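The structure under discussion appears below in the form of structure tokens.
This is how it looks when you write it as structure tokens:
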């Protein structure tokens, strides 16, 4: 798709939308939350290209529960008493998203937007107030341009589908996205995103060069029309704050025709703590062509044989096995890596290998499977960043907390940065966690019984508390794509969230970039239409979408002078 075609598409989409925008602004704040009014609005302004039966799913529709549940990855948010949308919209084209935004605004309904459903706090498909769910699954096209080394990918596509499409066209082009194949691109990019090429090419959003977004006024914007501030904010400032990104233009990166992966597992009894401790000195400082992640995993044996506990090391090396073994012998001899541990393959095959949790790379079709990677489980995730190596004693303390047999699967995932991440300023994108935060830490609990919720949630919080002395401070950094409502949330009772309240969690996710995000939000969505429990607030929220329309001159910036430099 060339730039002129994109510009014409945006122009025509916005032109056909003008009358709807004016009508909606006239009644905004005076509308009803009546579902029938919303449906009538959609019917009036929808394209004839798709019938409403395939576009809109209400609780009375036979398709409603199937569409709702298909992308729910965390069964904690699939209970009978979980708040559900008054309607689900599954758009096929940009104009249908624009229509939905305007009709929701007109009739006092919030919007939640879901691409892959990997929000572990369920905020992409759950709200405590009446809301419409926009499910982007049908917006899943991917176009690869090998000459220009770019791709256009819609938000409803998955990481695995992107990898597969790249692999169809080239075995020497790649993209630095995540390890989990069924991650939706929309949410992944909105939070920054990192994977096994992070040390070579940085975050995913460091390689995003354009985007198409529907804003709070229902307009379809590209990078030129949205401006550099908003384009900066959507590349890592979190989803659901600034608009709905429909499409991303990606700069593909080069990889050699042969890469090497390995998966090495060590019992914790066999000096695993020493290996993890040593890994902290090696992985962030290694050659940028080498990525090694360390996982600590505990689970109960399926045959009743007790607790299985191990440390695992997974790697991607942009080169051949012989070179990797030689490099590891010098940098990390303690791991005792041999050539027999290594698998040579193409980059896209290595992504299928990681998608299988480093078990098999037999079929690239695995990358297209949206259903198998996450079993129907219940989850809680928390995150941290280490600024210096964690001691062996502290690591053994972590392990003691993994031994509890009444718990199910527990994981500690350590991701090394360094390399390219050290070269990029912490203000280049909203994600500030780069050179000063060389190791990302994820705490994962997975279980299946609802009656075990409280114990597993308590465990993640206890482990997070235990880690306090060993991780970043002032603020204690966290990763927005590991959303954690424990660290703070916006008001849900209709009282606008202040900058001071939101900054508690905002600075943990975004550090010094939080002020700029608030300033961008204040310009792009001053009346806080796009909002959720951890969305970026405007400087002076206007009481939610039921508030009367106010002019931009009514917005006060006095509560946050430090953001004025961005306005």
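In full-length UniProt numbering, the protein residues as written are 1 to 567. Backbone N, C-alpha and C define an ideal beta-carbon position, used for all residues, glycine too. In this text, all values refer to a predicted model and were calculated from it rather than measured experimentally.
- The C-alpha of residue 67 lies about 28 Å from the C-alpha of residue 351.
- Within a 10 Å sphere around the beta-carbon of residue 106 sit 16 or more other beta-carbons, which makes this residue buried.
- Residue 125 is bridged by DSSP to nothing; it lacks a bridge partner.
- Contact between residue 417 and residue 439 holds, with the beta-carbon distance rounding to 7 Å and staying under 8 Å.
- Of all C-beta pairs linking the region 327–342 to the region 155–173, fewer than three are shorter than 8 Å, placing the two stretches out of contact.
- With fewer than 16 neighbouring CB atoms inside 10 Å of its own CB, residue 495 falls in the exposed class.
- Between residue 203 and residue 194, the CB-CB gap stays under 8 Å.
- The alpha-carbon separation between residue 300 and residue 381 amounts to approximately 19 Å.
- By the CB criterion at 8 Å, residue 294 and residue 313 fall inside the cutoff.
- Put simply, the region 231–240 does not touch the region 167–182. Fewer than three CB pairs are less than 8 Å apart.
- Bounds of any alpha helix (DSSP H) do not take in residue 265; it lies within the beta strand (DSSP E) bounded by 259–267.
- As DSSP reads the structure, residue 377 sits in a beta bridge with 74.
- Cα atoms of residue 128 and residue 524: separation of roughly 24 Å, rounded to the nearest angstrom.
- Here DSSP, grouped into helix, strand and coil, assigns residue 437 to coil.
- Taking C-alpha positions only, residue 376 is separated from residue 367 by approximately 19 Å.
- If you draw a straight line from the Cα of residue 110 to the Cα of residue 478, it is about 27 Å long.
- Taking all protein chains shown into account, residue 70 has fewer than 16 neighbouring C-beta atoms within 10 Å of its C-beta and is therefore exposed.
- Under the three-state reduction of DSSP, residue 221 is assigned to strand.
- For residue 393, the closest of 511, 217, 271 and 175 by C-alpha to C-alpha distance is 271.
- For the alpha helix (DSSP H) assignment, the uninterrupted runs of no fewer than 4 residues enclosed by the region 312–394 are, from N- to C-terminal side, 321–331 and 347–355.
- With respect to the 8 Å criterion, residue 292 and residue 279 are classified as neighbours on the basis of their beta carbons.
- Contact check for residue 459 against residue 414 fails: the beta carbons are separated by 8 Å or more.
- Note: residue 91 is not bridge-paired with any residue in the DSSP secondary-structure output.
- Partner residues in the beta bridge of residue 416, as assigned by DSSP, are 439.
- Residue 319 has its alpha-carbon roughly 6 Å from the corresponding atom of residue 258.
- For residue 280, the uninterrupted alpha helix (DSSP H) segment begins and ends at 272–282.
- Beyond the five residues adjoining it in sequence on each side, residue 482 comes within less than 8 Å, by CB distance, of 120, 381, 382, 383 and 442 in the same chain, given in chain order.
- In this structure, residue 249 keeps its C-beta atom at 8 Å or more from the C-beta atom of residue 137.
- In terms of Cα proximity to residue 445, the closest of 476, 423 and 410 is 410.
- For residue 460, the enclosing alpha helix (DSSP H) begins and ends at 453–466.
- Residue 286 and residue 536 have their C-alpha atoms spaced approximately 36 Å apart.
- Residue 120 carries a coil assignment under DSSP once its states are collapsed to helix, strand and coil.
- Residue range 35–45 is occupied by the alpha helix (DSSP H) that includes residue 37, with no beta strand (DSSP E) assigned at that position.
- Inclusion of residue 99 and residue 42 in the CB contact set at 8 Å is warranted, their separation being smaller than that value.
- Residue 229 holds the alpha-carbon nearest to the alpha-carbon of residue 513 among 450, 344 and 229.
- Residue 131 is a Cβ neighbour of residue 85, given a cutoff of 8 Å.
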